[in-house]
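Visitor: Have a look at the structure that comes next, please.
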Amino acid sequence: MKKTLLAAAAAAATLALALSGCAGENATPPAAEGDGDSSWSGTTLNLDFATYNPLSLIIKEQGWIEDTLGDDVTVTWTQSLGSNKANEGLRAGAIDVGSTAGSAALLARANGSPIHTIDIYTQPEWSALATRPDSGIDSVEDLRGKTVAVTVGTDPYFFLLQALDEAGVDPSEVNIQNLQHADGGAALVAGTVDAWSGLDPMMAAHELNDGIELFYRNVDFNTYGFLNATEDFITNHADLAQVVVDAYEKARAWALENPEETSALLAEVAGIDQAVADKVLLERTVIDLDNVPGAKQLAVLKVVAPIQVANGDIASQDAADDALDTLFDTTFAEAADPSRVG
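Residues -23 to -1, 1 to 319 (mature numbering (1 follows the signal peptide of the UniProt record, and there is no 0)) are what the sequence shown spells out, left to right.
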């Protein structure tokens, strides 16, 4: 059964005890063992962190990866402001591992970006359709002829397309404005757009602080949080990729054991009120889940893919099908061992 962060906190205590008991065993990944000289496959590791990926915030703050790799590997962190920005960083080689929504990972892979999903970090209800109380918009059908802000290529964008498709509204009947997440929320509050396909934690902040209303929600239209790596990184630096995934699974256990601390960290990094962070993490985010990319994520993407094709975001269904067949690399998630990091 899926549990939000708060509901899973008690169960995490048992796991935490198990981890602490074996932390002294296999304290370093196999690739780091040797005659004392560095045996890591590279000297740099470029990672992203994002407020929509709470596990990344924990790993960055705790320094587990840096402690594991020591002075032999320089770890650089870059903030991703949205899935589209993470995909840009991966395609350009600016980051080795990046955080996106599942729909954005599929889009990138189908359009030629050489990435694979190596871990699942959360299942968040991070997207919904929002408007102002005085807008006169009560349903998706009411969006005909209206202006909707959204960041193209991200989960809120594909959430919007799925909602329009379900309601029988053609995207051409809506004036879609491509704005980065924060700008879209600000535009809704300012009244320069009629609606916004939003992203937490910004959406929750505007909901609590500015009175915007979520007029359409559907958790099934939200794809999972995908941790993606470039093919070059996976092929040539598999040892470093394993350290990253090991750290993510240690962060998962830590988050489940420390929900309040995790929420406080999100509030600090995102610059949001604690009440907003609590809404995002404790009410809308499932962290206690199977980290191995598999059938559940694939089922969601098979719904999204035809919509991406019909909207012209993916060139053909063949390209989408090829991406669905090749996106996941489960090697690292299946081998994850949190006790090897930190």
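Using N, Cα and C, we set each Cβ at its ideal position, and we do this for glycine too.
Identify whether A(-1) lies in helix, strand or coil by the three-state DSSP scheme.
Guide: For A(-1), the pLDDT reaches just 32, beneath the cut-off of 50, and the residue's location in the model is therefore unreliable, leaving the point undetermined.
Visitor: Would you be able to state if there are at least three C-beta pairs under 8 Å between the stretch 165 to 181 and the stretch 245 to 263?
Guide: Counting Cβ pairs under 8 Å, three or more are found: they touch.
Visitor: What are the start and end residues of the alpha helix (DSSP H) that includes E238?
Guide: Unbroken alpha helix (DSSP H) run through E238: P236 to A247.
Visitor: For the putative contact between A254 and I95, defined by C-beta atoms under 8 Å, what is the C-beta separation to the nearest angstrom?
Guide: Actually they do not touch by this definition, with Cβ atoms about 27 Å apart.
Visitor: Compute the beta-carbon to beta-carbon distance between P315 and A230, rounded to the nearest angstrom, for a pair I have assumed lies under 8 Å.
Guide: Indeed, because the Cβ distance is near 6 Å, the residues count as touching under 8 Å.
Visitor: Please work out which residues of its chain come closer than 6 Å, Cβ to Cβ, to V281, disregarding the five sequence neighbours upstream and downstream, and give them in chain order.
Guide: Result list for V281: S80 and F135, in chain order.
Visitor: Mind listing, in chain order, the continuous beta strand (DSSP E) runs of no fewer than 3 residues lying wholly within the stretch 37 to 109?
Guide: The stretch 37 to 109 contains these whole beta strand (DSSP E) runs: 51 to 56, 74 to 78, 92 to 101 and 104 to 108.
Visitor: Under three-state DSSP, which class holds P6?
Guide: Because P6 carries a pLDDT of 42, less than 50, the predicted location of this residue cannot be relied on, and no value is offered for it.
Visitor: Tell me the rounded alpha-carbon separation between residue 334 and E102.
Guide: This structure cannot speak to residue 334, because the chain is shown only from -23 to 319.
Visitor: What's the gap between the Cα of P283 and the Cα of S33?
Guide: Computed Cα separation, rounded: 31 Å.
Visitor: By Cβ distance, which residues of its chain are closer than 7 Å to L304, with the 5 residues on each side in sequence left out?
Guide: Result list for L304: A82, L83, R86, H93 and T94, in chain order.
Visitor: Closer than 7 Å by C-beta to I153: which residues in its own chain qualify, once you throw out the five before and the five after it? Chain order, please.
Guide: Around I153: V125 and V127.
Visitor: According to DSSP, what are the bridge partners of T262?
Guide: Beta-bridge pairing links T262 to P101.
Visitor: If you follow the beta strand (DSSP E) that L204 is in, where does it begin and where does it stop?
Guide: Counting along the chain, the beta strand (DSSP E) containing L204 begins and ends at G202 to T207.
Visitor: Please classify D25: does DSSP put it in a helix, a strand, or coil?
Guide: DSSP places D25 in strand when its eight states are reduced to three.
Visitor: Is it right to say Q251 is buried, meaning 16 or more other beta carbons lie within 10 angstroms of its own, or is it exposed?
Guide: The residue is exposed, with fewer than 16 neighbouring Cβ atoms inside 10 Å.
Visitor: What number of angstroms, rounded off, separates the C-alpha of P133 from the C-alpha of R109?
Guide: Spanning the two alpha carbons is a distance of roughly 18 Å.
Visitor: By alpha-carbon positions, which one of D25, I36, N23 and G19 ends up nearest to T239?
Guide: Checking every option, the nearest Cα to that of T239 belongs to I36.
Visitor: Within 10 angstroms of its Cβ, does D147 collect 16 or more other Cβ (buried), or is it exposed?
Guide: D147 comes out exposed.
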